[in-house]
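In my numbering, the protein residues as written are 100 to 314. Heads up: the structure comes next, in structure tokens.
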């Protein structure tokens, strides 16, 4: 018999704080420099929204490490999603490609959470309409598993095994006022405030915007 305790959705608990996130970004920056042999032809593209914030921080760290300017851009994948007809309409974001383009470059896509892989598939489709990079790599803050497509990250801040009933919330100071990664039951998030789908879980009233749940 299921007890009341077992059936009560668990509230989010913190698994990464601001210090952890800063440390992860530094480590990933060093890994990129090592694997890309100095990162001379690296272009960073952040996937909206929190991927853009992470890519900007990663760019700043790479500049500190290499002493060179690292091209940085943003990528909106809204119109390339395969669930566009299944979810409420969302505002288009701005895609901004560095002046030198991406042709022949090593493009590192940056996102906050890797889940099913469908967001990254959409990002790859968007890239194919922009140019022809030499190679494409993926850097994510959290890999929570449950892949539906054969996609993996080249750089992972934290592998975070989760169940499908759990929600991963990424909060960044740039958009949410604080740096943190939290995990809790999806039912707890749904019961505390109406959501607009998997990519928009609720946040406490003190937060200016709700973190999304990437796919």
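Every residue, glycine too, gets a C-beta built ideally from N, C-alpha and C.
Query: Taking a contact to mean a Cβ-Cβ separation below 8 Å, would you say residue 130 touches residue 254 in this structure?; Result: yes
Query: Return the residue from the list 153, 108, 145 and 234 that minimises the CA-CA distance to residue 175.; Result: 145
Query: Is the CB-CB distance between residue 235 and residue 211 below 8 Å?; Result: no
Query: So, do the stretch 220-233 and the stretch 264-277 have three or more beta carbon pairs nearer to each other than 8 Å?; Result: no
Query: Would you mind giving the Cβ-Cβ distance between residue 283 and residue 111, rounded to the nearest angstrom? I have them listed as a contact below 8 Å.; Result: 3 Å
Query: Taking the DSSP output, what are the residues bridged to residue 254?; Result: 238
Query: DSSP state of residue 199, grouped into three classes?; Result: coil
Query: Kindly give me the distance between the Cβ atoms of residue 160 and residue 124, rounded to whole angstroms, as I take these residues to be in contact under 8 Å.; Result: 6 Å
Query: What does the alpha-carbon distance come out to for the pair residue 238 and residue 109?; Result: 29 Å
Query: Rounded to whole angstroms, what's the CA-CA distance from residue 116 to residue 147? Just pull it up for me.; Result: 21 Å
Query: Using a threshold of 7 Å, is the CB atom of residue 174 nearer than that to any non-hydrogen atom of the ligand GDP?; Result: In the structure on display, the ligand GDP does not appear, and there are no ligands present to speak of.
Query: Rounded to whole angstroms, what is the Cα-Cα separation between residue 178 and residue 206?; Result: 20 Å
Query: Might you give, ordered along the chain, the residues of its own chain that have their beta carbon closer than 8 Å to the beta carbon of residue 252, omitting 5 neighbours on each side?; Result: 213, 237, 238, 239 and 242
Query: Is the CB-CB distance between residue 142 and residue 204 below 8 Å?; Result: yes
Query: Just curious, the alpha helix (DSSP H) that residue 147 is in, first and last residue?; Result: Premise fails: residue 147 is in no alpha helix (DSSP H) and is neither H nor E.
Query: Count the other CB atoms, across all protein chains shown, that sit within 10 Å of the CB of residue 199; report buried if there are 16 or more and exposed otherwise.; Result: exposed
Query: Residue 279: buried (16+ other C-beta within 10 angstroms of its C-beta) or exposed?; Result: buried
Query: Taking the straight line between their C-alpha atoms, what separation do you get for residue 304 and residue 272?; Result: Confidence in residue 304 is poor, its pLDDT being 36 and thus under 50, which makes the residue's placement unreliable; the coordinate value appears in the next sentence. Going from the Cα of residue 304 to the Cα of residue 272 covers about 15 Å.
Query: Just how far apart, CA to CA, sit residue 162 and residue 113?; Result: 30 Å
Query: Give me, in chain order, the residues of the same chain whose beta-carbon lies closer than 6 Å to that of residue 149; leave out the 5 immediate sequence neighbours on both sides.; Result: 211, 269 and 271
Query: Determine, using beta carbons only, whether residue 259 and residue 216 come nearer to each other than 8 Å.; Result: no
Query: Return the chain-ordered list of same chain residues with a C-beta closer than 7 Å to the C-beta of residue 285, the five sequence neighbours on each side being excluded.; Result: 264, 265 and 266
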